[in-house]
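Asks: Could you have a look at this structure, given as structure tokens, before my questions?
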Amino acid sequence: MRWFVMILVALQPAIAWAEGYGFRTPSRNIYCNGSVDGGDITCVIVERDGPPALPQTTPCDGVWGHHYSLNRQGPAFLTCGWQPRPSNYTNVAPYGVTGTFGAISCRSETTGLTCRNQSGHGFFLSRRSQQIF
């Protein structure tokens, strides 16, 4: 019985931040928005180092390398976007917790945020490194 209670308590944060369809990491450097049906998610990294995970292939009037998107299936991709600013979202994805947005799951860790879809595609974001897989 004690084991069951510990699992239930551990799962509650994941449920809470999935209901809001928007969350941020404790560092405030990454924040995400998921669609109501769980079919896609977009995450923004405010401050990052190094080159973007993918080269810019089309003209961009905003900034490149900060906006990462993922659909229910298929590869992750970058989009041109506005200059990111830290988020004030109240839903925080605590480190060590995995949340699910329909077909997409995201895991928040001290090393960064990893999101993946049903196809196994996704991205990893941290200030030091951004990767698409």
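Just so you know, we're using the working numbering here: the sequence shown kicks off at -18 and counts up by one. From the three backbone atoms N, C-alpha and C, an ideal C-beta is built for every residue, glycine too.
DSSP on residue 63, reduced to helix/strand/coil?
Replies: As a first step, residue 63 is located in the sequence shown; it is residue number 82 there, counting from the start. The answer is coil: DSSP assigns residue 63 none of H, G, I, E or B.
Asks: Report the partner residues of residue 4 according to the DSSP bridge assignment.
Replies: Here residue 4 refers to the residue found at position 23 of the sequence shown. Looking at the DSSP assignment, residue 4 forms a beta bridge with 13.
Asks: With distance defined between alpha-carbon atoms, name the residue in 53, 72, 100, 45 nearest to residue 12.
Replies: By 1-based counting over the sequence shown, the position of residue 12 is 31. Nearest of 53, 72, 100, 45 to residue 12, Cα basis: 72.
Asks: Contact check, residue 124 vs residue 27 under 8 Å by CB: the rounded distance?
Replies: Outside the modelled stretch of the chain, which goes from -18 to 114, sits residue 124, for which no answer is possible.
Asks: Less than 6 Å separating the Cβ of residue 8 from some heavy atom of the ligand SAH?
Replies: Looking at this structure, you won't find the ligand SAH or any other ligand, since it has none at all.
Asks: Going by DSSP, which residues form a beta bridge with residue 80?
Replies: Here residue 80 corresponds to residue number 99 of the sequence shown, with the count starting at 1. DSSP output for residue 80 lists 87 as bridge partner(s).
Asks: Output the boundary residues of the beta strand (DSSP E) element that contains residue 95.
Replies: As a first step, residue 95 is located in the sequence shown; it is residue number 114 there, counting from the start. Residue 95 -> beta strand (DSSP E) spans 93 to 97.
Asks: Return the chain-ordered list of same chain residues with a C-beta closer than 8 Å to the C-beta of residue 39, the five sequence neighbours on each side being excluded.
Replies: Looking up residue 39 in the sequence shown gives position 58. If we look at residue 39 and ignore the five residues flanking it on each side, its Cβ neighbours are 61.
Asks: Going by beta carbon distance, what residues of the same chain come within less than 7 Å of residue 84, once the five residues before and after it are set aside?
Replies: Position 103 of the sequence shown, counted from the start, is the residue given in the question as residue 84. Excluding residues within five positions, the ones whose Cβ falls inside 7 Å are 19, 20, 53, 98, 99.
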